[in-house]
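In this text, residue positions in the sequence shown follow the numbering used here: the first is 430, and each later residue adds one.
For glycine and all other residues, C-beta sits at the position ideal for the given N, C-alpha and C.
What follows is a short report on a single structure.
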Amino acid sequence: MVEDRSPPSWALCGGVPSESSPLGRPARCVDSCPNPIFRRRCAVVGSSPAGWHARPSDSGVVLDDVYLRLADEKLIVGQVLVSTAWLAPEPTVVSVVSLMGDAELDRSRALYANAVGPQGEAIDAAIYCRADSAFASSSLADWLPRTWVGLVVKQVLYSTAHVARLCALEDLGLEGVTSAARLSTAMFQRDFWSRWFVRLAADEDRGIRESVQEALTLLWPVARESFDFGLIGSAGSVLNAAGNAWERSIADRCIELGLVLPAGVPGIHDLARVEGTPDALTGRISAGARLRSVLISWIPLSGYLFEFGSPTVADQARVDRSLVLTELRAARR
């Protein structure tokens, strides 16, 4: 039986939350939506506005939640890529990274259209009118690198995780989330960042290798959050299994490169190896891994890439998200 849930678009309308959804965001507004763009999509307590309905997939997942989470991440990641492409060491690489950012921004609009409707006005409101805190992107996606090494490490973790979860979502049969073309694009980005990751990890310059290690130590504890969509039941199990397989394959590759992942992080020392699972850096990840409950460990910021002091990567990422969204909105004016 599909759980009856209100849409995630409460955050787009400025209404007062009354209860929490599995994504950790309040699911309803207690007053009518003050934003006319989203009025028809905001579930008011005691009524069901015409024109809106929660769209469960065949697997019981409410699609709007998945669309909005992916759209928010694509928006942030795309803007970060566009803003930091200049960090690349070669002009051609600057162009490639910038184009990747543009593609992510375009993809985010398509996902917003799935979540809030195809009207351009509604999509623009989803991007430009929400409070920064309403975005559902992960800490890894929100993080704003200050160096090329930092960008490479962030993107290799994000892109490999994204391919893994796309494959898992495809296995769930979620319409509009995956396609052959989208998976191919995601795999291209994964391969691009994986090559740079291997190149930097094997660089003759000891300082560069140490920077790779520092960035990996910083970001690895929050990387698993990429698989946390707050889904329950079999859908949550499939994503959790994909996350476990991804963790193990990344850990194995890092060992090959002489990199050390933080001790005590789930998936490094205490996950059984998943036999027959392709490496996350080179092949498609199967969602059929052994299930495990994963708790994310947090580590203090080293401060080596940041202009701000903050106790956790997640806190810093929230600051970075605000900076990125401010830049995005300023560019629109």
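Where the alpha helix (DSSP H) containing residue i begins and where it ends
i: ARG536; result: 520 to 545
i: GLN618; result: 609 to 630
i: GLY687; result: Unbroken run through GLY687: none, as it is neither H nor E.
i: SER568; result: 568 to 571
i: ASP553; result: 549 to 557
Assigned secondary structure, residue i (DSSP; H/G/I helix, E/B strand, else coil)
i: PRO650; result: helix
i: THR576; result: coil
i: GLY662; result: helix
i: GLU643; result: helix
i: ALA597; result: helix
i: GLU633; result: coil
i: ASP493; result: helix
i: PHE564; result: coil
i: ASP749; result: helix
i: ASP501; result: helix
i: PRO695; result: Caution applies to PRO695, whose pLDDT of 45 falls short of 50 and renders its modelled position unreliable; the value that the coordinates give is listed next. Coil at PRO695, not helix or strand.
i: ALA680; result: helix
i: ALA674; result: helix
i: ALA517; result: coil
i: GLU756; result: helix
i: VAL474; result: Bear in mind that the predicted position of VAL474 carries a pLDDT of just 24, short of 50, making it unreliable; the figure below should be weighed with that in mind. Looking at VAL474 - three-state DSSP - the assignment turns out to be coil, as it is neither helix nor strand.
Buried versus exposed, by CB contacts within 10 Å (16 or more), residue i
i: ARG758; result: exposed
i: ARG498; result: buried
i: TRP577; result: buried
i: ASP535; result: exposed
i: VAL588; result: Before going on, a small fix: residue 588 reads as Ser here, not Val. Looking at its Cβ environment, which holds 16 or more other Cβ atoms inside 10 Å, SER588 is buried.
i: SER640; result: buried
i: GLN810; result: What the structure shows of the chain is the stretch from 430 to 762, and residue 810 is not part of that stretch, so it cannot be assessed.
i: VAL592; result: buried
i: ALA631; result: exposed
i: ARG761; result: exposed
i: SER524; result: exposed
i: TRP515; result: exposed
i: THR513; result: buried
i: PRO463; result: Per-residue confidence for PRO463 stands at a pLDDT of 36, beneath the threshold of 50, marking its modelled position as unreliable; no derived number is given.
i: LEU690; result: buried
i: LEU528; result: exposed
i: GLY662; result: exposed
i: LEU754; result: buried
i: GLY549; result: exposed
i: GLU633; result: exposed
i: ASP699; result: Model confidence at ASP699 stands at a pLDDT of 34, short of 50, so the residue's coordinates are unreliable; what they give is reported in the following sentence. By the 10 Å Cβ count, ASP699 comes out exposed.
i: PRO574; result: buried
i: GLY636; result: exposed
i: ALA610; result: exposed
i: PHE467; result: Low local confidence applies: a pLDDT of 38 at PHE467 is under 50, so the model's placement there is unreliable, and no value is given.
i: SER678; result: buried
i: GLU519; result: exposed
*Pair every Cβ in the region 679 to 689 with every Cβ in the region 618 to 638, then say whether three or more of these pairs are closer than 8 Å.*
The region 679 to 689 is in contact with the region 618 to 638.
*Three or more C-beta pairs below 8 Å linking the region 558 to 569 and the region 644 to 660*: They touch, by the three-pair rule.
_With three or more beta-carbon pairs closer than 8 Å as the criterion, would you say the region 658 to 677 touches the region 593 to 600?_
Touching, yes, given that three or more Cβ pairs across the two stretches are closer than 8 Å.
*Evaluate the contact criterion for the region 526 to 534 versus the region 500 to 510: three or more CB pairs, one atom per stretch, below 8 Å.*
With three or more CB-CB distances shorter than 8 Å, the region 526 to 534 counts as touching the region 500 to 510.
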